[in-house]
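Below is one structure, written out as structure tokens; the observations come after it.
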């Protein structure tokens, strides 16, 4: 299993900011337009909000981020206990290969 891509983490951050009604940053305009076109965000009176699809995408990305954190904890524990320690050749990420 590979770690969640940086692009997905950035998408999660933007979706969370929209959900919390935080102002968009200067570079978010193009991404915001794409989110509206894709049906993840809708423009409403006074701002924008997540559509049901946007909420589900946000939940999915949050679950993936949490799963990655859990895998990292397990791997750290294994490496710390000496059981199943990764070799230097796999960069310590055997679970992500």
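Numbering (the UniProt record's numbering), first residue to last: 1 to 97. Built from N, CA and C at the ideal position, the CB exists for glycine as well.
Taking the alpha-carbon of residue 51 as reference, which of 77, 58 and 41 has the nearest alpha-carbon? 41
If I follow the unbroken alpha helix (DSSP H) through residue 29, where does it start and stop? 29-37
Inter-stretch contact (C-beta, 8 Å, three-pair minimum) for the region 69-78 and the region 17-37: no
Would you report the Cα separation of residue 56 and residue 18, rounded to the nearest angstrom? 14 Å
Cβ-Cβ separation, residue 12 to residue 70 (assumed contact under 8 Å), whole Å: About 17 Å separates the two Cβ atoms, so there is no contact after all.
What number of angstroms, rounded off, separates the C-alpha of residue 38 from the C-alpha of residue 80? 44 Å
Which term fits residue 54, buried or exposed, when burial requires 16 or more other beta carbons within 10 angstroms of its beta carbon? buried
Terminal residues of the alpha helix (DSSP H) in which residue 9 lies: 6-19
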